[in-house]
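Participant: Submitted below is the structure of interest, expressed as C-alpha cells.
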C-alpha cells in the first residue's frame with residue numbers, strides 16, 4: 046500500500062510538472078507574441094516620427110519663405126519668370142529668394158514619403174525582416190525612377 050501511494054505521488058508529481066511545463070510554454074508564447082507586437086509598434090513609431098519631421102521641416106521652410114515674401118514684397122524673380130529646374134531653385138535658395146525658399150519647402154514635402162520608404166528599409170533591416178526589406182527596396186526604386194522620368198513643363 047505504501048508503494049501504491051508513492052507511485053501515485055510520483056504520477057501526481059509528473060502530472061504537476063507537465064502542467065507547469067505547459068504553463069511555462071504558454072507564458073513564453075505570450076511573451077514572444079508581445080515582443081513581436083512591440084517590434085511592430087516600434088517600427089510604426091519610427092516611421093510616423095520620420096513623417097512628422099518631414100512635414101514639420103517643410104512647413105518651417107515654407108513659412109520662412111512666405112514671411113520673407115511678406116516682408117520684402119518680392120518673390121525674388123522679375124515679372125513672371127519663376128524657376129522650374131532644381132538647379133535654378135537651388136541658385137535662388139542660395140540667394141535667399143523667397144519664392145525659391147517656398148519651392149524648397151514644397152520639395153521637402155514631396156520627398157517626405159520617399160524618405161519614409163528609406164527609413165522603412167533601414168528599420169526592416171534592423172528587424173531582420175528581409176521580405177519587407179525586398180518589397181520596400183522595390184517600392185523605393187520605383188519611386189526614384191518615377192522622379193527621374195517625370196517632366197516639368
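Numbering (my numbering), first residue to last: 46 to 198. Cβ atoms here follow ideal geometry from the backbone N, Cα and C, with glycine treated the same way.
(1) Taking the straight line between their C-alpha atoms, what separation do you get for residue 120 and residue 170?
(2) Check residue 187 in the structure and name its three-state DSSP category.
(3) Among 114, 90, 173, which has the Cα closest to the Cα of residue 141?
(4) Between which two residues does the alpha helix (DSSP H) containing residue 150 stretch?
(5) State buried or exposed for residue 143, treating a residue as buried only when at least 16 other CB atoms are found within 10 Å of its CB.
(6) By the three-class DSSP mapping on this structure, what secondary structure does residue 93 have?
(7) Below 8 Å, can you find three or more Cβ-Cβ pairs linking the segment 150–161 to the segment 98–114?
(8) Tell whether a beta-carbon distance below 8 Å holds between residue 188 and residue 162.
(9) Span of the alpha helix (DSSP H) holding residue 140?
Facilitator: Per the coordinate set shown:
(1) Roughly 44 Å separates the two Cα atoms.
(2) Helix at residue 187.
(3) Checking every option, the nearest Cα to that of residue 141 belongs to 114.
(4) Its alpha helix (DSSP H) spans residues 143–172.
(5) Under a 10 Å Cβ-count criterion, residue 143 is classified as buried, with 16 or more other Cβ atoms of the shown protein chains found around its own Cβ.
(6) Three-state DSSP puts residue 93 in a helix.
(7) In this structure the segment 150–161 touches the segment 98–114; the number of beta carbon pairs closer than 8 Å is three or more.
(8) Residue 188 places its beta carbon less than 8 Å from that of residue 162.
(9) Note, residue 140: premise wrong, no alpha helix (DSSP H); not H, not E.
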